[in-house]
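A short worksheet on the structure shown next.
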Amino acid sequence: GIKTMALAVSVVQMLVVGLLIAPSSADKLHVTQEWDHKEILKLKPSETAAKELGDHVSAAAEVKMWEPLWPEPHRRAEHAVFALALNYDIRHFYWFVGSLRKVGFTGDIVLAVNQKISKPLEIFLKQNKVIAYPLFVKCKSKLQCVIEQWFTPIDGTLPMAIIRHYLYLSWLQHYSEESLISVLDFRDTVFQSDPFLYLEHELQQGSTTELWLSGEHMPYKRIRNCVFNSGWIRDCYGREEAQQYGADPVICSGSIFGTKRGLKVFETRLLEEVSKKRCHEHFVESDQGYTNILFHSGALANAGIKAQLDPRGVGPVNTIGAFGGKRHGYYVGSDILKSMRDEEGYVLNCPVHVKPEFQQCSLEAKPGSPCLADNDAAANFRDCKDTTRSPVVHQWDRHAGDLGKFIEKFIACKTNCINTTTTLP
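Position 97 (the sequence shown) corresponds to 87 in my numbering; numbering is contiguous.
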């Protein structure tokens, strides 16, 4: 039936007429809500932030989601790549979807996209067998999004970075316990080979890992060295926690692989933290603070899964953004990236040759910068020996001047990119 619902947040209550179309409980279907979004988004995120999120985790894990933009079935036995792909132009799809199909990945690609997309993009996604779910949101910023179609009634706004995790938890329903799943940042990720081949090899060698996390480059990216990552933890968990985990490596929330069970436990625990801490009420839009706390505190281990943190240079993902930063005071010359590319231009896990200056602070390092304070530049690349091509390159756009033309010519794909040497099941 149709009924009017009032929001729990009094400041929003006067502004919203919630038109809730709710199914019977036995159907476990999604709900639609009609919001006066223009009025809501005039307010501060702290005034409109969703508060009662307790039942949203179980709803996302169980409720039948709305239909994709066109019929493209999930294939239960396959591996899958999940991503949020909202408000990007078609080039980003050539980089992400195109490169993934080009390297021979035959599993499912599942994306959340705009409700209306261009005809050329629709043709491209259909050609490449993408399962594309429309996301019914209206956003003032990344921090403040009104959700019009959801798994259960919601009483306020959420950040986009958190919304995606409810989607991922829902999509997991479609896959088997043998499936491997990845959740990846869409905008700045490209593929040089099929990353699941790396994981399959690890499992064949006897690995019992259920969740693969990717660290950013050490020693550059300790949590305390990054104003963003330390800020996300400090502004939500507190200064004590930020200090406690400050020396630990930054874990990227946009480069995660797992078994179905491993990823389900991770997403569940992350969203339980969202319900408990509600960092989005404190102007923290990111999911990365939650991810780092869950691993470094031992919460994921306590939840009963084996989570593995691969340092940069190891594992399926090579996150290269730190080589373009300056605040940390470590050496960031373009010759680092040049030394991490082979003769054809592909990005390697580790430098072929480590120059002496790579293991020194930058000549422009400011007094008190992490490199000078920690005096650990000599450790840079010391244990990085693998000079094979990285399956996944993340944060490549921080080096668009060096990598852009190569990616356009050799990595991206703009038509039917399904590799002719492989066949989709």
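Backbone N, C-alpha and C fix where the C-beta goes; we use that ideal spot for every residue, glycine too.
Checklist entry - Taking the alpha carbon of residue 359 as the point to measure from, which residue in 212, 102, 107 has its own alpha carbon closest? => result Counting from one through the sequence shown, the residue named residue 359 turns up at place 369. Nearest of 212, 102, 107 to residue 359, Cα basis: 212.
Next on the checklist: So, with DSSP's three-state summary, where would you put residue 123?
Outcome noted: Position 133 of the sequence shown holds residue 123. When DSSP states are grouped into helix, strand and coil, residue 123 belongs to the strand group.
Item to check | Rounded distance between the beta-carbons of residue 102 and residue 125, thought under 8 Å | outcome: Residue numbering aside, residue 125 sits at position 135 when the sequence shown is read from its first letter. Residue numbering aside, residue 102 sits at position 112 when the sequence shown is read from its first letter. Sure, about 4 Å apart at Cβ, within 8 Å.
Item to check | For residue 391, three-class secondary structure by DSSP | outcome: Position 401 of the sequence shown, counted from the first residue, corresponds to residue 391. In this structure, residue 391 counts as helix in the three-state DSSP scheme.
Checklist entry - With residue 303 and residue 339 assumed to form a contact (beta carbons below 8 Å), what rounded beta-carbon distance in angstroms separates them? => result To locate residue 303, count along the sequence shown from 1; it is residue 313. To locate residue 339, count along the sequence shown from 1; it is residue 349. Indeed, because the Cβ distance is near 5 Å, the residues count as touching under 8 Å.
Next on the checklist: Buried or exposed for residue 278, going by 16 or more other Cβ atoms inside 10 Å?
Outcome noted: Here residue 278 refers to the residue found at position 288 when the sequence shown is read from its first residue. Buried, because 16 or more other Cβ atoms sit within 10 Å of the Cβ of residue 278.
Checklist entry - Could you check where the beta strand (DSSP E) with residue 86 kicks off and where it finishes? => result Here the question's residue 86 lines up with position 96 in the sequence shown. Unbroken run through residue 86: none, as it is neither H nor E.
Checklist entry - Can you tell me whether DSSP reads residue 116 as helix, strand or coil? => result For the purposes of this step, residue 116 is taken as the residue at position 126 of the sequence shown. In the displayed model, residue 116 falls within a helix according to three-state DSSP.
Checklist entry - Below 8 Å between beta carbons: does that hold for residue 73 and residue 83? => result As a working note, residue 73 is residue 83 in the sequence shown. As a working note, residue 83 is residue 93 in the sequence shown. No, Cβ-Cβ distance for residue 73 and residue 83 is not below 8 Å.
Checklist entry - Just how far apart, CA to CA, sit residue 172 and residue 70? => result Against the sequence shown, residue 172 aligns to sequence position 182. Against the sequence shown, residue 70 aligns to sequence position 80. Whole-angstrom Cα-Cα distance: 7 Å.
Checklist entry - Do residue 304 and the ligand ZN come close, with the Cβ less than 7 Å from some heavy atom? => result As presented, the structure is devoid of all ligands, the ligand ZN included, so that no description of it is given.
Checklist entry - When you compare only the Cα positions, how much space is there between residue 346 and residue 319? => result Taking the first residue of the sequence shown as position 1, residue 346 is located at position 356. Taking the first residue of the sequence shown as position 1, residue 319 is located at position 329. Annotation: residue 346 to residue 319 spans about 16 Å, alpha carbon to alpha carbon.
Checklist entry - Does the distance from the CB of residue 241 to the CB of residue 170 come in under 8 Å? => result Here the question's residue 241 lines up with position 251 in the sequence shown. Here the question's residue 170 lines up with position 180 in the sequence shown. Taking 8 Å as the cut-off, the Cβ atoms of residue 241 and residue 170 do not count as close.
Next on the checklist: Between which residues of its own chain and residue 270 is the CB-CB distance below 7 Å, once the five residues before and five after are set aside?
Outcome noted: Start at 1 with the first residue of the sequence shown, and residue 270 comes out as number 280. Around residue 270: 35, 39, 133, 148, 149, 152.
Checklist entry - Counting along the chain, where does the alpha helix (DSSP H) carrying residue 203 start and finish? => result Here residue 203 refers to the residue found at position 213 when the sequence shown is read from its first residue. Unbroken run through residue 203 is the beta strand (DSSP E), 201 to 204; no alpha helix (DSSP H).
Checklist entry - Would you call the CB atoms of residue 201 and residue 253 closer than 8 Å? => result Position 211 of the sequence shown, counted from the first residue, corresponds to residue 201. Position 263 of the sequence shown, counted from the first residue, corresponds to residue 253. Note that the C-beta distance between residue 201 and residue 253 is below 8 Å.
Next on the checklist: Alpha carbons only, please: which of 364, 379, 329 is nearest the one belonging to residue 305?
Outcome noted: Taking the first residue of the sequence shown as 1, we reach residue 305 at position 315. The shortest C-alpha separation from residue 305 is found at 379.
Checklist entry - So, is residue 160 buried or exposed, given that buried needs 16 or more other C-beta atoms within 10 angstroms? => result The residue you call residue 160 lines up with position 170 of the sequence shown. Its Cβ being crowded by 16 or more others within 10 Å, residue 160 is buried.
Next on the checklist: Quick check on the DSSP output: what are the complete alpha helix (DSSP H) runs of length 4 or more inside the region 235 to 305, in order along the chain?
Outcome noted: Counting only runs of 4 or more, we get 250 to 267, 278 to 286, 289 to 292.
Next on the checklist: Is it buried or exposed, residue 290, if we count other Cβ atoms within 10 angstroms and call 16 or more buried?
Outcome noted: Working through the sequence shown from its first residue, we reach residue 290 at position 300. By the 10 Å Cβ count, residue 290 comes out buried.
Next on the checklist: Using CA atoms only, rank isn't needed, just tell me which of 175, 180, 391 is closest to residue 382.
Outcome noted: Translated into positions along the sequence shown, residue 382 becomes position 392. For residue 382, the nearest C-alpha among the options comes from 180.
Item to check | Contact belief for residue 367 with residue 361 at Cβ below 8 Å, rounded distance in angstroms | outcome: Here residue 367 refers to the residue found at position 377 when the sequence shown is read from its first residue. Here residue 361 refers to the residue found at position 371 when the sequence shown is read from its first residue. Indeed, because the Cβ distance is near 5 Å, the residues count as touching under 8 Å.
Item to check | Segment contact flag, the region 318 to 336 with the region 252 to 266, C-beta cutoff 8 Å, min 3 pairs | outcome: By the Cβ rule, the region 318 to 336 does not count as touching the region 252 to 266, because fewer than three pairs are nearer than 8 Å.
Item to check | Helix, strand or coil at residue 81 [DSSP, three-state] | outcome: By one-based count along the sequence shown, residue 81 stands at place 91. Here residue 81 carries a helix assignment [DSSP, helix/strand/coil].
Checklist entry - Can you tell me whether residue 98 is buried or exposed, with buried defined as 16 or more other CB within 10 angstroms of its CB? => result On the sequence shown, residue 98 is found 108 positions in, with the first residue counted as 1. Residue 98 sits buried, since 16 or more C-beta atoms from the chains shown fall within 10 Å of its C-beta.
Item to check | Status (buried if at least 16 other CB within 10 Å, exposed otherwise) for residue 53 | outcome: Along the sequence shown, read from residue 1 onward, the residue named residue 53 stands at position 63. It counts as buried.
Item to check | C-alpha gap between residue 12 and residue 128, whole angstroms | outcome: For the purposes of this step, residue 12 is identified with residue 22 of the sequence shown, where counting begins at 1. For the purposes of this step, residue 128 is identified with residue 138 of the sequence shown, where counting begins at 1. With a pLDDT of 44 at residue 12, under the threshold of 50, the modelled position of that residue is not reliable, and no figure is offered here.
Checklist entry - By DSSP, does residue 53 sit in helix, in strand, or in coil? => result Stepping through the sequence shown from its first residue, residue 53 is reached at position 63. Residue 53 falls in the coil class under three-state DSSP.
Checklist entry - So what does DSSP say about residue 215, is it helix, strand or coil? => result On the sequence shown, position 225 is the one that residue 215 refers to. If DSSP states are grouped into helix, strand and coil, residue 215 belongs with the helices.
Next on the checklist: Taking the alpha helix (DSSP H) that residue 69 belongs to, which residues open and close that run?
Outcome noted: Here residue 69 corresponds to residue number 79 of the sequence shown, with the count starting at 1. Per DSSP, residue 69 belongs to no alpha helix (DSSP H) and is neither H nor E.
Checklist entry - Taking just the CA atoms, how far does residue 18 sit from residue 336? => result Within the sequence shown, the letter at position 346 stands for residue 336. Within the sequence shown, the letter at position 28 stands for residue 18. Residue 18 has its alpha-carbon roughly 47 Å from the corresponding atom of residue 336.
Checklist entry - Over what stretch of residues does the beta strand (DSSP E) that includes residue 181 continue unbroken? => result Position 191 of the sequence shown, counted from the start, is the residue given in the question as residue 181. Following the DSSP letters along the chain, one finds residue 181 inside the beta strand (DSSP E) bounded by residues 179 to 181.
Checklist entry - How about residue 143 and residue 364: are their beta carbons less than 8 Å apart? => result To locate residue 143, count along the sequence shown from 1; it is residue 153. To locate residue 364, count along the sequence shown from 1; it is residue 374. Contact: no.
Checklist entry - What distance in whole Å lies between the Cβ atoms of residue 168 and residue 297, which are believed to be in contact at a cut-off of 8 Å? => result Within the sequence shown, the letter at position 307 stands for residue 297. Within the sequence shown, the letter at position 178 stands for residue 168. In this structure residue 297 does not touch residue 168 by the C-beta definition: roughly 19 Å separates them, more than the 8 Å allowed.
Checklist entry - From which residue to which residue does the beta strand (DSSP E) around residue 102 run? => result Mapped onto the sequence shown, residue 102 falls at position 112. Per DSSP, residue 102 belongs to the beta strand (DSSP E) from 98 to 103.
Item to check | CB-CB length for residue 243 against residue 43, believed under 8 Å | outcome: Reading the sequence shown from its first residue, position 253 is the one you call residue 243. Reading the sequence shown from its first residue, position 53 is the one you call residue 43. Rounded, the Cβ-Cβ distance is 18 Å, inconsistent with contact.
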